[in-house]
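Engineer: Just so you know, the protein sequences line up as chains A and B, in that order. Heads up: the first sequence begins at 1 in my numbering, then just goes up one per residue. Heads up: the second sequence begins at 1001 in my numbering, then just goes up one per residue. The C-beta atom is built at its ideal place from N, Cα and C for all residues, glycine as well.
There are 2 protein chains.
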Amino acid sequence: MRGEIVNVGTEILIGDILNTNAQYISKELSSAGISVYYQTTVGDNGDRLMEILKKSIERSDLIILTGGLGPTQDDLTKESVAKLLGLKMELHTESYDKLLSFFNSVSSKMTDNNLKQAYMPEGSHIIPNNNGTAPGVLIEKDEKIFILLPGPPRELIPMFRDFVYPYLLSKSPDKFYSYYYKVSGVGESALEDMLLDIIDNQTNPTIATYAKPDEVLLRVTANAKSEEEAEEFLRKYDVIISERLKDNIYAREDISLNQVVADLLIDSGTTLSVAESCTGGLILSRLTEIPGISKCLHSGIVCYSNESKIDYLGVRKETLDTFGAVSRECAEEMLQGLVKRNKTDMAIATTGVAGPDGGTTAKPVGLVYIGIYHNGIYEIEEYHISGGRQRVQMKTAAMSLNLIRKKLKKG
Amino acid sequence: MRGEIVNVGTEILIGDILNTNAQYISKELSSAGISVYYQTTVGDNGDRLMEILKKSIERSDLIILTGGLGPTQDDLTKESVAKLLGLKMELHTESYDKLLSFFNSVSSKMTDNNLKQAYMPEGSHIIPNNNGTAPGVLIEKDEKIFILLPGPPRELIPMFRDFVYPYLLSKSPDKFYSYYYKVSGVGESALEDMLLDIIDNQTNPTIATYAKPDEVLLRVTANAKSEEEAEEFLRKYDVIISERLKDNIYAREDISLNQVVADLLIDSGTTLSVAESCTGGLILSRLTEIPGISKCLHSGIVCYSNESKIDYLGVRKETLDTFGAVSRECAEEMLQGLVKRNKTDMAIATTGVAGPDGGTTAKPVGLVYIGIYHNGIYEIEEYHISGGRQRVQMKTAAMSLNLIRKKLKKG
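Structure (structure tokens):
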């Protein structure tokens, strides 16, 4: 199958936005066995969009469009595709009801331009959007497939993953099956190094890595005639990958480290308290993203100032004066104070130099202590993290969550 | 002048490479007053590249190509452009000498395919490449301009900056100037509604909105002969926009709300403490992203459990029993406890139903109380926020930061 991608948005053409969607979709199409021959970006302009659409329907079987599905006058994607295919726009009742209940729930009046988002080309299949108001659209007509998705990656990616990718696999004569691995504690290039021999020789299965700032998704995809044949391929590689990555694999499906840690806490009924200095609330905000965590998360302290370390956690002034706030000794007293006060089963404390200022030769930016308490034992780990302030904070939060995970896994 | 960008490279089409060149060049062209109407990526394939080139010469005055200038068989960009324009390829002596001395300097034999890099379309201007072996090419013919650059950004960017950009400025009669507005507390479509009349009639200046989950960037761009003329346009619209958006405009440059709030706290020397229930650390983590905030941020409590609200903030058990944790009364006691304990100039507290569970008819998901203390006054605001858990948390955090900003602005 020949595919192409059309990204609609003036903000891409003037360079305000980096077009990460084109790469994401291209990678996914490749792994589904679809050849991508063109990526085109065009602005929010009806004539120029129509010119591209006419060309794309001549040369491709599958056209994926992103952007231009919103409520405003210059959102033209649905209308242009409908015009190209000679389809009427009609009100999609379910989308209308959803929009209406959204605006009711925010106690805000739905303006007329929002109504536009409930009109769809006749015969469309609707792709639900759980992270925004504009649904996606799938149209099959005369052996051609059009898929229209909203521009923001946080809306597009879940829709592609949960709906478009399985749909495309079902269209392909060969079947593709994937194993997923979520990895924490190993960066993307280190991970590729660890698997270099099997990545380099890949034909079937193919191996792809997708990096986020503090976790990596590894996908191994086999192309096979049957599920059994695919399983055979994948199990062979699973042995090698499991052996090399060991307990850095935190999940075998695409879920976040936050979710895994929250599930472990909830399932084991373990209570947790947290004291954050350098991470400034990041561990807490990642955990509280997960529904149900209130059962386990007793409380958290963001003790950014020395006074709050003394006041809330009972860190001794002499410890701060002698060793400083970024020290093994301070981390230990933070942790002890936290446990004494909250009496939770588990506790975690962070202190470090996040930068950009405050680093010295003895205590450079990136020096971090993480203290963890579990099963009556206090442990303090020292880390040296490279990169800017945000990276130091994110990596420290991820390593803290990973420490909790490893302790709970051991039981 | 109408420009377009053609990126040549199969590695982009299969998603191995993120196309940062398209964004970089688009941004530069915009700022040089050149409208970019298309970005196209095509693989290393002669027929498909020629198809795009034929189209681009019809519709654009300036065509910038990246990639496909290397020594291998599938590097076809120069050859394809020469064929399109009816130009012969000829040996460029200076480039040949440079290549030869490069290979001598690395004590490596120049292979025949490398010689290809010294052949140029007749009449080309050569753009020197100080970071690689493939020079760039500039061709002016029949009122059309072709600029060919190598793909790697570390080669392309210095060549663009030092040679292409000054060349383009010399070609453009008009200049573009922009005013930026960052807006909080108004969604993208409500914002467009508020400015519909001026957006609809826009020709010069043009008005564009770019939404993030909890803030909107508004850009107003004037095309003028001089900076003075542009200022005159922009100031006229500035009066209207300022009047309509009032203090929802939190900055007149593209910076985050976190940064603005942190700057206001730091500049005024205001100390802050935070108590977060439903936002679970998000306000704290957004503030602690900003370097220097430690001067003002005393401490924060993530009091997710009832016990921690009692223990750390002195909320009364009777209040929780009678009104519940999500209530005006609880928010008020959280805030009072926080101020009593930390004695900061300012304090903020959140409690709400983030969902997806825990909502009732009386207290539905999205019901949120934000308490703020400033200048000796306690205020509790009630909000109803729609959407999923993440949206409720993000909007509550953004509204809390916005409340802090408004109070500090008033002084």
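Does Asn1021 of chain B pass the burial test, meaning 16 or more other C-beta atoms within 10 Å, or should it be called exposed?
Structural biologist: In the second sequence, the residue the question calls residue 1021 of chain B occupies position 21. Buried, because 16 or more other Cβ atoms sit within 10 Å of the Cβ of Asn1021 of chain B.
Engineer: Can you tell me which of A:Arg235, A:Cys278 and A:Leu282 puts its alpha carbon nearest to the alpha carbon of Asn258 of chain A?
Structural biologist: As a working note, residue 258 of chain A is residue 258 in the first sequence. Here the closest residue by C-alpha is A:Leu282.
Engineer: How far does the alpha helix (DSSP H) with Asn104 of chain A in it reach, from first residue to last?
Structural biologist: In the first sequence, the residue the question calls residue 104 of chain A occupies position 104. Note, Asn104 of chain A: alpha helix (DSSP H), Thr93 to Ser105.
Engineer: Of all the residues that make up the region 1005 to 1018 of chain B, which are near chain A by a beta-carbon distance shorter than 9 angstroms?
Structural biologist: Going along the region 1005 to 1018 of chain B in chain order, one finds Ile1005, Asn1007, Ile1012, Leu1013, Ile1014, Gly1015, Asp1016, Ile1017 and Leu1018 with a Cβ nearer than 9 angstroms to chain A.
Engineer: Any idea if Leu1091 of chain B is buried or exposed, counting beta-carbon neighbours within 10 angstroms, 16 or more meaning buried?
Structural biologist: Locating residue 1091 of chain B in the second sequence gives position 91, counting from the first residue. Its Cβ having fewer than 16 others within 10 Å, Leu1091 of chain B is exposed.
Engineer: First and last residue of the alpha helix (DSSP H) that includes Gly1046 of chain B?
Structural biologist: Working through the second sequence from its first residue, we reach residue 1046 of chain B at position 46. Per DSSP, Gly1046 of chain B belongs to the alpha helix (DSSP H) from Gly1046 to Arg1059.
Engineer: Counting along the chain, where does the alpha helix (DSSP H) carrying Gly337 of chain A start and finish?
Structural biologist: As a first step, residue 337 of chain A must be located in the first sequence, where it is residue number 337. Arg328 to Asn342 is the span of the alpha helix (DSSP H), which, as asked, contains Gly337 of chain A.
Engineer: Is it right to say Ile301 of chain A is buried, meaning 16 or more other beta carbons lie within 10 angstroms of its own, or is it exposed?
Structural biologist: Numbered from 1 along the first sequence, position 301 holds the residue referred to as residue 301 of chain A. Looking at its Cβ environment, which holds 16 or more other Cβ atoms inside 10 Å, Ile301 of chain A is buried.
Engineer: Go ahead and label Val365 of chain A buried or exposed: buried means 16 or more other beta carbons lie within 10 angstroms of its beta carbon, across all protein chains shown.
Structural biologist: In the first sequence, the residue the question calls residue 365 of chain A occupies position 365. With 16 or more other Cβ atoms within 10 Å, it is buried.
Engineer: Kindly indicate which three-state DSSP category Lys406 of chain A falls into: helix, strand or coil?
Structural biologist: Locating residue 406 of chain A in the first sequence gives position 406, counting from the first residue. Reduced to three states, the DSSP call for Lys406 of chain A is helix.
Engineer: Assess, as a yes-or-no matter, whether the region 1001 to 1010 of chain B is touched by the region 1135 to 1144 of chain B under the definition of 3 or more beta carbon pairs within less than 8 angstroms.
Structural biologist: no
Engineer: Classify Glu1253 of chain B as helix, strand or coil using the three-state DSSP reduction.
Structural biologist: To locate residue 1253 of chain B, count along the second sequence from 1; it is residue 253. Residue state, collapsed to three classes: coil.
Engineer: Name the residue from A:Gly15, A:Ser400, A:Asn19 and A:Thr10 whose alpha carbon lies nearest to the alpha carbon of Glu215 of chain A.
Structural biologist: As a working mapping, residue 215 of chain A is identified with position 215 in the first sequence. Ranking A:Gly15, A:Ser400, A:Asn19 and A:Thr10 by Cα distance to Glu215 of chain A puts A:Ser400 first.
Engineer: Gly136 of chain A versus chain B: which residues are under 7 angstroms apart at the beta carbon?
Structural biologist: Residue 136 of chain A sits at position 136 when you count from the first residue of the first sequence. The CB of Gly136 of chain A never comes closer than 7 angstroms to any CB in chain B; the least such distance is about 17 angstroms.
Engineer: Could you list which residues in chain A have their beta carbon closer than 8 angstroms to that of Cys1330 of chain B, in chain order?
Structural biologist: For this step, residue 1330 of chain B is matched to residue 330 along the second sequence. Those do not exist, as Cys1330 of chain B stays about 15 angstroms from chain A at its closest Cβ, beyond 8 angstroms.
Engineer: What is the rounded straight-line gap between the Cα of Leu1029 of chain B and the Cα of Ile1127 of chain B?
Structural biologist: The residue labelled residue 1029 of chain B in the question sits at position 29 within the second sequence. The residue labelled residue 1127 of chain B in the question sits at position 127 within the second sequence. If I take the Cα positions, the gap works out to 18 angstroms.
Engineer: So Lys1144 of chain B is in the alpha helix (DSSP H); what residue range does that whole segment cover?
Structural biologist: Position 144 of the second sequence, counted from the start, is the residue given in the question as residue 1144 of chain B. Where Lys1144 of chain B is concerned, there is no enclosing alpha helix (DSSP H), although the beta strand (DSSP E) it sits in stretches over Lys1144 to Leu1149.
Engineer: Tell me which residue opens and which closes the alpha helix (DSSP H) that Ala1082 of chain B is part of.
Structural biologist: In the second sequence, residue 1082 of chain B corresponds to position 82, counting from 1. First-last of the alpha helix (DSSP H) with Ala1082 of chain B: Thr1077 to Leu1085.
Engineer: Tell whether a beta-carbon distance below 9 angstroms holds between Phe103 of chain A and Lys109 of chain A.
Structural biologist: Looking up residue 103 of chain A in the first sequence gives position 103. Looking up residue 109 of chain A in the first sequence gives position 109. Result yes, Cβ atoms of Phe103 of chain A and Lys109 of chain A sit closer than 9 angstroms.
Engineer: Which residues in the same chain as Tyr119 of chain A place their Cβ atom closer than 8 angstroms to its Cβ, once the five residues preceding and following it in sequence are excluded?
Structural biologist: Counting from 1 along the first sequence, the entry for residue 119 of chain A is found at position 119. So the qualifying residues of the chain are Lys78, Met89, Glu90, Leu91 and His92.
Engineer: Could you tell me the alpha carbon to alpha carbon distance between Asp61 of chain A and Ile1014 of chain B, rounded to whole angstroms?
Structural biologist: Translated into the one-based positions of the first sequence, residue 61 of chain A becomes position 61. Translated into the one-based positions of the second sequence, residue 1014 of chain B becomes position 14. So the two alpha carbons sit approximately 17 angstroms from each other.
Engineer: Judging by CA-CA distance, which residue of A:Leu338, A:Asp75, A:Gln23 and A:Glu140 is the nearest neighbour of Asp44 of chain A?
Structural biologist: Position 44 of the first sequence, counting from 1, holds the residue named residue 44 of chain A. Comparing Cα-Cα distances from Asp44 of chain A to each of A:Leu338, A:Asp75, A:Gln23 and A:Glu140, the minimum goes to A:Asp75.
Engineer: Does the beta carbon of Gln336 of chain A come closer than 9 angstroms to any beta carbon on chain B?
Structural biologist: What you label residue 336 of chain A is simply residue 336 of the first sequence in a count that begins at 1. Answer no: the Cβ-Cβ gap between Gln336 of chain A and chain B never drops below 9 angstroms.
Engineer: Give me the Cβ distance between Cys1303 of chain B and Gly1352 of chain B, rounded to the nearest whole Å; I'm assuming they're in contact under 8 angstroms.
Structural biologist: As a working note, residue 1303 of chain B is residue 303 in the second sequence. As a working note, residue 1352 of chain B is residue 352 in the second sequence. In this structure Cys1303 of chain B does not touch Gly1352 of chain B by the C-beta definition: roughly 13 angstroms separates them, more than the 8 angstroms allowed.
Engineer: Is the Cβ-Cβ distance between Tyr1373 of chain B and Tyr1383 of chain B less than 9 angstroms?
Structural biologist: Position 373 of the second sequence, counted from the first residue, corresponds to residue 1373 of chain B. Position 383 of the second sequence, counted from the first residue, corresponds to residue 1383 of chain B. Not closer than 9 angstroms, so no.
Engineer: Output needed in chain order: residues of the region 1027 to 1049 of chain B with a Cβ under 7 angstroms from some Cβ in chain A.
Structural biologist: Lys1027, Ser1030, Val1036, Tyr1037, Tyr1038, Gln1039, Thr1040, Thr1041, Val1042, Gly1043 and Arg1048
Engineer: Can you confirm whether Ile1283 of chain B, when its beta carbon is compared against all beta carbons of chain A, has any partner nearer than 9 angstroms?
Structural biologist: By 1-based counting over the second sequence, the position of residue 1283 of chain B is 283. Ile1283 of chain B counts as touching chain A.
Engineer: Pick out whichever of A:Leu168, A:Arg154, A:Thr221 and A:Tyr210 has its Cα sitting closest to the Cα of Leu1018 of chain B.
Structural biologist: As a first step, residue 1018 of chain B is located in the second sequence; it is residue number 18 there, counting from the start. Nearest of A:Leu168, A:Arg154, A:Thr221 and A:Tyr210 to Leu1018 of chain B, Cα basis: A:Tyr210.
Engineer: Quick one: give me the first and last residue of the beta strand (DSSP E) that Val1302 of chain B is part of.
Structural biologist: As a working note, residue 1302 of chain B is residue 302 in the second sequence. Segment Leu1297 to Val1302, the beta strand (DSSP E) holding Val1302 of chain B.
Engineer: Buried or exposed: Leu149 of chain A, going by 16 or more other Cβ atoms within 10 Å of its Cβ?
Structural biologist: Counted from its first residue, the first sequence places residue 149 of chain A at position 149. Its Cβ being crowded by 16 or more others within 10 Å, Leu149 of chain A is buried.
Engineer: Which runs of the alpha helix (DSSP H) fall wholly inside the region 188 to 227 of chain A and span at least 4 residues, in chain order?
Structural biologist: 188 to 194 and 196 to 200
Engineer: For the putative contact between Leu1264 of chain B and Glu1276 of chain B, defined by C-beta atoms under 8 angstroms, what is the C-beta separation to the nearest angstrom?
Structural biologist: By 1-based counting over the second sequence, the position of residue 1264 of chain B is 264. By 1-based counting over the second sequence, the position of residue 1276 of chain B is 276. That belief does not hold up - the Cβ atoms of Leu1264 of chain B and Glu1276 of chain B are roughly 20 angstroms apart, past 8 angstroms.
Engineer: Mind pulling the beta strand (DSSP E) runs of 3 or more residues that sit fully within the region 1340 to 1396 of chain B?
Structural biologist: List check, beta strand (DSSP E) in window: 1346 to 1352, 1367 to 1374 and 1377 to 1384.
Engineer: Can you give me the C-alpha to C-alpha distance between Asn1114 of chain B and Leu1100 of chain B, rounded to a whole angstrom?
Structural biologist: In the second sequence, residue 1114 of chain B corresponds to position 114, counting from 1. In the second sequence, residue 1100 of chain B corresponds to position 100, counting from 1. Approximately 10 angstroms between the Cα atoms of the pair.
Engineer: Please confirm if Thr111 of chain A has its CB atom under 9 angstroms from at least one CB of chain B.
Structural biologist: Locating residue 111 of chain A in the first sequence gives position 111, counting from the first residue. It does: the Cβ of Thr111 of chain A has a partner Cβ on chain B nearer than 9 angstroms.
Engineer: Strictly below 8 angstroms CB to CB, what residues from chain A border Asp1193 of chain B?
Structural biologist: Position 193 of the second sequence, counted from the first residue, corresponds to residue 1193 of chain B. Correct list: Thr111 and Asn113.
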